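Undergrad:
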Amino acid sequence: MSYPWLAQAAHNKAAVREGLKIVRKVIARDAVKTPLSTATIYKLAVREPPPPTFALTIPESDETTQVEYLKSGRRRTPAPNPPHPRHPVRSLSFLKHSLLPIIAGERRVQHVRETRLVVHQSKAEQKAAAARGNKQPTPSTKKSAEPVQTMVWLWQATKPPSRVVKPTESVRTNVYDYSHMKASKRKAHKARLELAEKRAELEARRKLRKLQTRREADRKVNAEKREEAKLRHQEEERAGLLRKAERRKRWETSNPILAKALAKKKAEDAQRLAQVMKS
1 MSYPWLAQAA
11 HNKAAVREGL
21 KIVRKVIARD
31 AVKTPLSTAT
41 IYKLAVREPP
51 PPTFALTIPE
61 SDETTQVEYL
71 KSGRRRTPAP
81 NPPHPRHPVR
91 SLSFLKHSLL
101 PIIAGERRVQ
111 HVRETRLVVH
121 QSKAEQKAAA
131 ARGNKQPTPS
141 TKKSAEPVQT
151 MVWLWQATKP
161 PSRVVKPTES
171 VRTNVYDYSH
181 MKASKRKAHK
191 ARLELAEKRA
201 ELEARRKLRK
211 LQTRREADRK
221 VNAEKREEAK
231 LRHQEEERAG
241 LLRKAERRKR
251 WETSNPILAK
261 ALAKKKAEDA
271 QRLAQVMKS
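When we follow full-length UniProt numbering, the leftmost residue of the sequence shown carries the number 1, and every step to the right adds one.
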């Protein structure tokens, strides 16, 4: 069974996405206390119903693109179909090689070793069972074969990291213990502490007063600087206007005809504007 490569790629992407959701759900539900084998995870995952939208991503088979013979002339052997082609976890190999490595990389699951009793079959018995289409041993085989302790690798869900709670510092009202002192020493010690607290309070007031005085002095200096800058700017503006008027006079002296024409035009414009304002 072969599909166009583009549709097959989209189907594989959807199978990985939905298969990861199903396998994560199975591991979080069943593999917390008891580790599970890959085959057990596969059986539990296949029982989960696939989402309805997954069936839309399954491409239709294209029989016309199948080639019966290879370039060497030998007959092409078609690949076997997966056991569950319409399920996101379509085969045990897909679960083992495509889904579990991703979940292990997310540290949601880990490999653990356990010792279990396993009944081993000979190659002849395995071939006979495969020929019958049944992997379970026959009654005679069960009697002859004895279970053997074997080390197996299983998958177990990892515990989520515990939340780190930072301890909060408790505020103590009285940090001094006077129980070990005599009455006279206790009184002197308390008086010394009260004096130190008063000195600290006076020092804080002195620093605050000094800061306020400095700010007030800075405020006055800044106000004086702003006033000086304002006066300097006004003087520069007046000097600029005087220089402009002098340049105007020199221009009118050197160009009397043009100056009269310009003055006449300005007068006409002013008269026209006055008429417009009246109307």
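Quick reminder that beta carbons are idealized off the backbone N, C-alpha and C, glycines included. From a predicted model like this one, the values you see are computed outputs, not experimental measurements.
Mind reading off the beta-carbon distance from R86 to A45? Whole number of angstroms is fine, and I expect it under 8 Å.
TA: About 14 Å; that fails the 8 Å criterion.
Undergrad: Output the boundary residues of the beta strand (DSSP E) element that contains E114.
TA: Start and end: V109 to V118.
Undergrad: Please work out which residues of its chain come closer than 7 Å, Cβ to Cβ, to W153, disregarding the five sequence neighbours upstream and downstream, and give them in chain order.
TA: Once the five neighbours on either side are set aside, the close Cβ partners of W153 are H111 and R113.
Undergrad: Hey, is A79's beta-carbon within less than 8 Å of any beta-carbon in chain D?
TA: As a matter of chain content, chain D is missing from the structure shown, which is built from one protein chain.
Undergrad: Should P50 be counted as a contact of the ligand GTP given a C-beta to heavy atom distance under 7 Å?
TA: By its list of ligands, the structure shown contains no ligand whatsoever, and the ligand GTP lies outside what it can speak to.
Undergrad: Since M277 sits in a beta bridge, which residues does DSSP pair it with?
TA: None; M277 has no bridge partner.
Undergrad: State the DSSP-derived secondary structure class of T253, mapped to helix, strand or coil.
TA: Correct three-state label for T253: helix.
Undergrad: Roughly how far, in whole angstroms, is the beta-carbon of P92 from the beta-carbon of T34, given that I think they are within contact range, below 8 Å?
TA: Position check: residue 92 holds Leu in this sequence, whereas Pro was assumed. About 20 Å; that fails the 8 Å criterion.
Undergrad: Along the alpha helix (DSSP H) that carries residue 298, what are the first and last residues, could you check?
TA: Residue 298 is absent from the structure shown; the chain starts at 1 and stops at 279.
Undergrad: Below 8 Å, how does it come out for the stretch 21 to 33 and the stretch 70 to 82: are there three or more Cβ pairs, yes or no?
TA: Taking 8 Å as the limit for Cβ pairs, the verdict is that the stretch 70 to 82 does not touch the stretch 21 to 33.
Undergrad: Distance check for L231 and A245, CA to CA, integer angstroms please.
TA: Distance between the alpha carbons of A245 and L231 is about 21 Å.
Undergrad: Looking at the secondary structure, which residues open and close the alpha helix (DSSP H) in which T34 lies?
TA: Here T34 belongs to no alpha helix (DSSP H), and DSSP marks it neither H nor E.
Undergrad: I need the DSSP call for V46, collapsed to helix, strand or coil.
TA: It is helical.
Undergrad: Since M151 sits in a beta bridge, which residues does DSSP pair it with?
TA: T115, per the DSSP bridge assignment.
Undergrad: Less than 8 Å separating the beta-carbons of L99 and V16?
TA: Yes, they are a contact pair.
Undergrad: Can you tell me the Cα-Cα spacing of V89 and G19, whole angstroms?
TA: The alpha-carbon atoms of V89 and G19 are separated by roughly 5 Å.
Undergrad: Where does V109 land, buried or exposed, given buried means 16+ other C-beta within 10 angstroms?
TA: So V109 ends up on the buried side.
Undergrad: What separation, rounded to the nearest whole angstrom, lies between the Cα atoms of A200 and R206?
TA: Whole-angstrom Cα-Cα distance: 10 Å.
Undergrad: To the nearest angstrom, report how far apart A223 and E236 are at their CA atoms.
TA: Their backbone Cα atoms lie some 20 Å apart in a straight line.
Undergrad: Report all residues from its chain with a CB closer than 7 Å to the CB of I58; omit the five preceding and five following residues, and keep chain order.
TA: For I58, where only same-chain residues beyond five positions count, the Cβ hits under 7 Å are H11 and R86.
Undergrad: Do I41 and W155 have their CB atoms nearer than 8 Å?
TA: Taking 8 Å as the Cβ cut-off, I41 and W155 qualify as a contacting pair.
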